Structure formats: structure tokens, C-alpha cells
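Below you'll find the structure, written out as C-alpha cells, and then a few comments.
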Amino acid sequence: MASRAADFLGRRVTAVVAIATLVSAGCASSANIYRPDGPPVGATIYESDASNLYVQDRNGNRAALDQYHVSDVDHPGNVVFMIGLPFLVIGAGMLAALKSGEDARHTEPGGGDGFIALGYMMAYISAIGGGGMVAGGGLSWLRSKRAAHKFEASRPPEWMIPPPAPY
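Quick note on numbering: the sequence shown equals residues 3 to 169 in my numbering.
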């Protein structure tokens, strides 16, 4: 029974991870851009050059922020990535432990298949949910970092950048 449950869940892992990735990727799409002359701006970075960071808010309004009007940029996705990582690692570890002990369980009388199936289910849920969060958060972060690369690569020295305004 345990191997049937594992096979049943294992065949659908790719589709479920893809769905979880799409769902979690939509959660973190805007960067927090801290400014020295006002409150932080939550917007999507769609492009940059050496002088400007080009952003778009959720209403579709576009703006360009120059080097001295940006104190810091907090790219989206890093929190989702870090929350999902332990779930992925624990789920993968549980699956490895369940798979490694599978031969020993088949030789035991009774086998405890209900608990083993529950363990597989918990391991797959943890691994799939964590994998989706890691992939979605990582993709959001990578997309934002790639769009802001030219801007961040040509930042002036740290001492020349004004600190963010208190808000």
C-alpha cells in the first residue's frame, strides 16, 4: 500500500510543483524601493540603466528613479524563498528516509502501511509546497535582480548614497 501511495503521489509531483510555483510567484512581485526623500515605493522593476531604475506600480503608472533618489532596494521573493526552503529540505529528507527503509518494512509482518502512507503524504506535501515556494520566490527575486542589474552595478560608493527617510 505504501508504494502504491508513493507511486500515486509521485506521478503527480511535477504538475503540483508547477501549480505551486505559479501560485507563489504571484505573491511576491513588487520590490520595496527605499528613498531618502519620501516613503518607500512598492513597484515592479521592469528595466534599468546606469542612471535610472524604471518601475511600474500596480495601477500601471511608470516612473524613473535616479541613483540619488534610491537608498536601497528590497527585491521580492527572498522571504518566500527562505520560508519554503526548510519545508523543501524536511520533505526531501522525509522522502529519503521513507525510501531507504522501504525494503525493511516489506519484510516485517503487518508493516504498518497506514502510517507509512501518512508519512509519504506529509513528506510529499512538505516537499511540493516548499519546492513551489522556493521556485516561485527564487524566480521573482531573479527577475527583479536581472531588471535592476545595470542600475545596481553602477551604484556610487556607499558613503555617497543618502539613507532612507524615516516613515
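Where a beta carbon is used, it is the ideal one built from N, C-alpha and C, also for glycine. Being a predicted model, the structure only gives us computed values, none of them experimental.
What number of angstroms, rounded off, separates the C-alpha of Leu120 from the C-alpha of Asp76?
Indexing the sequence shown from 1 puts residue 120 at position 118. Indexing the sequence shown from 1 puts residue 76 at position 74. Whole-angstrom Cα-Cα distance: 39 Å.
Thinking C-alpha only, which one of Ala125, Gly86 and Pro88 is nearest Leu100?
Along the sequence shown, read from residue 1 onward, the residue named residue 100 stands at position 98. Closest by alpha carbon: Ala125.
Three-state secondary structure (DSSP) at Arg37?
Within the sequence shown, numbered from 1, the residue matching residue 37 stands at position 35. Reduced to three states, the DSSP call for Arg37 is strand.
Consult DSSP for Tyr169 and reduce its assignment to one of helix, strand or coil.
Sequence index remark: in the sequence shown, residue 169 carries index 167 (1-based). DSSP places Tyr169 outside both helix and strand once states are collapsed to three, so it counts as coil.
Can you tell me whether Pro72 is helix, strand or coil according to DSSP?
As a position in the sequence shown, residue 72 is number 70, starting the count at 1. In the sequence on display, residue 72 carries Val and not Pro. The answer is coil: DSSP assigns Val72 none of H, G, I, E or B.
With DSSP collapsed to three states, give me the class of Ser31.
Start at 1 with the first residue of the sequence shown, and residue 31 comes out as number 29. Ser31 falls in the coil class under three-state DSSP.
Could you check which residue in Ser50, Ser53, Val43 and Asp74 has the C-alpha nearest to that of Arg60?
Translated into the one-based positions of the sequence shown, residue 60 becomes position 58. Comparing Cα positions, the closest option is Val43.
DSSP on Asn80, reduced to helix/strand/coil?
To locate residue 80, count along the sequence shown from 1; it is residue 78. Of the three classes helix, strand and coil, the one that applies to Asn80 here is helix, per DSSP.
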